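**Q** Following my numbering, the numbering of the sequence shown begins with 2 at its first residue and continues without gaps. All C-beta atoms, glycine included, are put in the ideal place defined by N, C-alpha and C. Only a predicted model underlies this, so the values are computations on that prediction, with no experimental measurement involved. To start, I am sharing the structure in question, which I have written as structure tokens.
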Amino acid sequence: GEWKGDDMWQGRTSSVKTPLVLCWTVDDPQQMMQLLKWGADGVFSNHSSRLIKHLKEVSNPATK
């Protein structure tokens, strides 16, 4: 059958004891990383390329 948004959400929340933490419109790379270190499930930004670049640098320090 076809999955609907409500079905996917229910499946996600049935296995998770805490709600998702989604942070909206965070444009500073340091703030993005801090939120992820604190356990945020997602970060929304006007400049997602900044976050992607920073995550790549952190995961591979040789690229700095």
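1) Could you check what DSSP says for L21 in three-state terms: helix, strand or coil?
2) Go ahead and label L23 buried or exposed: buried means 16 or more other beta carbons lie within 10 angstroms of its beta carbon, across all protein chains shown.
3) Tell whether a beta-carbon distance below 8 Å holds between H55 and M34.
4) Alpha carbon to alpha carbon, how far is P20 from G40?
5) For V27, does the count of other Cβ atoms within 10 angstroms reach 16, so buried, or fall short, so exposed?
**A** Taking the coordinates as given:
1) Along the sequence shown, read from residue 1 onward, the residue named residue 21 stands at position 20. Coil.
2) Indexing the sequence shown from 1 puts residue 23 at position 22. With fewer than 16 Cβ atoms within 10 Å of its Cβ, L23 is classed as exposed.
3) The count along the sequence shown starts at 1 and reaches residue 55 at position 54. The count along the sequence shown starts at 1 and reaches residue 34 at position 33. Against a cut-off of 8 Å, the Cβ pair of M34 and H55 comes out as a contact.
4) The residue labelled residue 20 in the question sits at position 19 within the sequence shown. The residue labelled residue 40 in the question sits at position 39 within the sequence shown. In a straight line, the C-alpha of P20 is about 12 Å away from that of G40.
5) Residue mapping note: residue 27 aligns to position 26 of the sequence shown, counting from 1. Under this definition V27 is a buried residue.
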